[in-house]
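There are 2 protein chains.
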Amino acid sequence: MDKKQNVSRAVIRRIPRYYRYVSMLRANGVPRISSRALAESMGLTASQIRQDFNCFGGFGQQGYGYNVEKLCEGLADILGIHRQRKAILVGVGNIGKALLKNFDFKASGFDLICAFDADKTVVGMDFGPANIRDVAELYDYVDQHQPEVAVLTVPHGIAPALARDLVGHGIRGLWNFTGEDLHLEGLGIPVENVHFSDSLMILGYAVDAGDPSATDE
Amino acid sequence: MDKKQNVSRAVIRRIPRYYRYVSMLRANGVPRISSRALAESMGLTASQIRQDFNCFGGFGQQGYGYNVEKLCEGLADILGIHRQRKAILVGVGNIGKALLKNFDFKASGFDLICAFDADKTVVGMDFGPANIRDVAELYDYVDQHQPEVAVLTVPHGIAPALARDLVGHGIRGLWNFTGEDLHLEGLGIPVENVHFSDSLMILGYAVDAGDPSATDE
Numbered sequence: 010m011d012k013k014q015n016v017s018r019a020v021i022r023r024i025p026r027y028y029r030y031v032s033m034l035r036a037n038g039v040p041r042i043s044s045r046a047l048a049e050s051m052g053l054t055a056s057q058i059r060q061d062f063n064c065f066g067g068f069g070q071q072g073y074g075y076n077v078e079k080l081c082e083g084l085a086d087i088l089g090i091h092r093q094r095k096a097i098l099v100g101v102g103n104i105g106k107a108l109l110k111n112f113d114f115k116a117s118g119f120d121l122i123c124a125f126d127a128d129k130t131v132v133g134m135d136f137g138p139a140n141i142r143d144v145a146e147l148y149d150y151v152d153q154h155q156p157e158v159a160v161l162t163v164p165h166g167i168a169p170a171l172a173r174d175l176v177g178h179g180i181r182g183l184w185n186f187t188g189e190d191l192h193l194e195g196l197g198i199p200v201e202n203v204h205f206s207d208s209l210m211i212l213g214y215a216v217d218a219g220d221p222s223a224t225d226e
Numbered sequence: 010m011d012k013k014q015n016v017s018r019a020v021i022r023r024i025p026r027y028y029r030y031v032s033m034l035r036a037n038g039v040p041r042i043s044s045r046a047l048a049e050s051m052g053l054t055a056s057q058i059r060q061d062f063n064c065f066g067g068f069g070q071q072g073y074g075y076n077v078e079k080l081c082e083g084l085a086d087i088l089g090i091h092r093q094r095k096a097i098l099v100g101v102g103n104i105g106k107a108l109l110k111n112f113d114f115k116a117s118g119f120d121l122i123c124a125f126d127a128d129k130t131v132v133g134m135d136f137g138p139a140n141i142r143d144v145a146e147l148y149d150y151v152d153q154h155q156p157e158v159a160v161l162t163v164p165h166g167i168a169p170a171l172a173r174d175l176v177g178h179g180i181r182g183l184w185n186f187t188g189e190d191l192h193l194e195g196l197g198i199p200v201e202n203v204h205f206s207d208s209l210m211i212l213g214y215a216v217d218a219g220d221p222s223a224t225d226e
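See the structure below:
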């Protein structure tokens, strides 16, 4: 399977959802699935699924359905799950703690190697996979260990300056929970902003319409 | 502007993003914007934006661009932002606390009226907009105050049974942070699952590709 150039943003953003569904099928021991059955269970059309998969060379023989194991591995390859990129987390407040304790970074392709906070009462503690260090050590640590991605769970106000400094020290992607726009376009660095509000607004729409089909089950 | 039937899931899921962008334009005092300029800043095509808006009757005159104020209000109407539906939150752990303290429910069209937890050390406290009550009072409270939506931030394992009981007491939508599938399809209740992992996997893809355009800025 080739990682083709110029795959559209919309297609890429559907890949994790495919991966979630197909991983579930694999965990349930399902050996094969047709594009039609996959489409039905995901609220898409079979032709959209085939088109999406064709962007990456396709994953199966027409008429025979997809081999779930191979499809799952193919999607994992696209997403680089096995690369286990090094990541750090900055800001061990409520959302930072929730991620450290409950979020499975490995399952998404990341190895969370360290977390940082300014609060001396949490420095030195272990939360989930990571030891918490003093934020004063942040840039030395980044220079030495060269994580690829930083998770920003700092309070409002400091994210933009922090993001620029992290990028200056070689960070190549930011997972931003701060709710603040970072405006790093000029630096060419991917930023994935987590907008809880989008999800809640869609729920509101679906409740008003009495229509579960808009929501993401 | 009409709320048409049979608007596709994909269109509906883009509306909050439009609303975020256009709200930002309004806050910046921008009076008008063309579909082309809106498309460029959002990584979409002008024709897709026009098609999406036409699903709701359109919002502007061809050639003159959109009146930002009217467009913003039109999008807010579609999303029911002014309805301020009553919501409750169940589970005041790290993620629950983060939402109560930092998330602006009103801006997404919800009035968070109460939160619940089993832990006596947090019962009676105020976090953000909501007072925290004992979870033993949950169903009496729901019967009496009839919230439309419940936010599920409970630990792994109890979400499915809790969700069914809440729906039995009249809850019409669930915002699910538990990472557990709820399988409420048969009940016809919208469930919006928050999948942090999708966002992180897209970031991983974009970092590997050295391409910021897949991410959501």
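These protein sequences, in sequence, are chains A and B.
So for the first sequence, our numbering puts the first residue at 10; every next one is plus one.
So for the second sequence, our numbering puts the first residue at 10; every next one is plus one.
Ideal placement from N, C-alpha and C gives every residue a C-beta, glycine not left out.
Secondary structure of residue i, DSSP reduced to three states
i               : result
A215 of chain A : helix
Y73 of chain B  : coil
K12 of chain B  : For K12 of chain B, the pLDDT reaches just 48, beneath the cut-off of 50, and the residue's location in the model is therefore unreliable, although a value from the coordinates is still provided. If DSSP states are grouped into helix, strand and coil, K12 of chain B belongs with coil.
P25 of chain A  : helix
D86 of chain A  : helix
D113 of chain B : coil
F205 of chain B : helix
P221 of chain B : helix
N37 of chain B  : coil
K129 of chain B : coil
D61 of chain A  : helix
G177 of chain B : helix
L53 of chain A  : coil
D152 of chain A : helix
G166 of chain B : coil
L80 of chain B  : helix
I104 of chain A : helix
L196 of chain A : helix
A19 of chain A  : helix
L191 of chain B : coil
Beta-carbon proximity of residue i to residue j, cut-off 9 Å
i               : j               : result
G182 of chain B : V216 of chain A : yes
I141 of chain A : I122 of chain A : no
N76 of chain A  : G67 of chain A  : no
V144 of chain B : V203 of chain B : no
T187 of chain A : T162 of chain A : yes
M33 of chain A  : I24 of chain B  : no
L193 of chain A : A172 of chain A : yes
Y214 of chain B : G89 of chain A  : yes
A168 of chain A : L191 of chain A : yes
C81 of chain B  : R45 of chain B  : no
I104 of chain B : N103 of chain A : yes
P138 of chain A : L109 of chain A : yes
F112 of chain B : F114 of chain A : no
G133 of chain B : R92 of chain B  : no
P199 of chain B : L53 of chain A  : no
A107 of chain B : A107 of chain A : yes
For residue j and residue i, believed in contact at Cβ under 8 Å, the rounded distance
i               : j               : result
A85 of chain A  : Y150 of chain A : Going by Cβ atoms, the distance from A85 of chain A to Y150 of chain A rounds to 29 Å, so no, they are not a contact pair.
E189 of chain A : H165 of chain A : 6 Å
D126 of chain B : V101 of chain B : 4 Å
G197 of chain B : P221 of chain A : 6 Å
S43 of chain A  : Y30 of chain A  : The Cβ separation is near 13 Å, so there is no contact.
V20 of chain B  : C64 of chain B  : 5 Å
Residue of the options minimising C-alpha distance to residue i
i               : options                       : result
P156 of chain A : A:W184, A:R94, A:R26          : A:R94
P40 of chain A  : A:Y73, A:V132, A:Q153, A:R22  : A:Y73
R18 of chain B  : B:W184, B:D61, B:T130, B:D152 : B:D61
A116 of chain B : A:V16, A:N15, A:S208, A:R22   : A:S208
I87 of chain B  : B:E146, B:V16, B:R59          : B:V16
E78 of chain A  : A:L47, A:D128, A:G38, A:I58   : A:G38
H154 of chain B : B:D128, B:D120, B:R22, B:S56  : B:D120
Check: residue i C-beta below 8 Å from any heavy atom of the ligand GDP
i              : result
E49 of chain A : In terms of ligand content, the structure shown is empty, and the ligand GDP therefore cannot be addressed.
Closer than 7 Å, Cβ to any Cβ of chain B: which residues of the segment 55 to 84 of chain A, in chain order? none
Can you pull out the residues from the segment 82 to 103 of chain A whose beta carbon lies closer than 8 Å to at least one beta carbon of chain B? I87, L88, G89, I90, R92, R94, G102, N103
Any C-beta of chain A within less than 7 Å: which residues of the segment 145 to 179 of chain B qualify? E157, V158
The segment 112 to 137 of chain B: positions lying closer than 8 Å to chain A by Cβ: F112, D113, F114, A116, S117, G118, F119
Closer than 8 Å between beta carbons: that is the criterion. Which residues of the segment 200 to 217 of chain B meet it against chain A? V200, E201, N202, V203, H204, F205, S206, D207, S208, L209, M210, I211, L212, G213, Y214, A215, V216, D217
Taking beta-carbon pairs under 9 Å, can you tell me which members of the segment 18 to 36 of chain A lie near chain B? R18, A19, I21, R22, I24, P25, R26, Y28, R29, M33
Near-chain A residues of the segment 180 to 192 of chain B (beta-carbon distance less than 7 Å), N- to C-terminal order: R181, G182, W184
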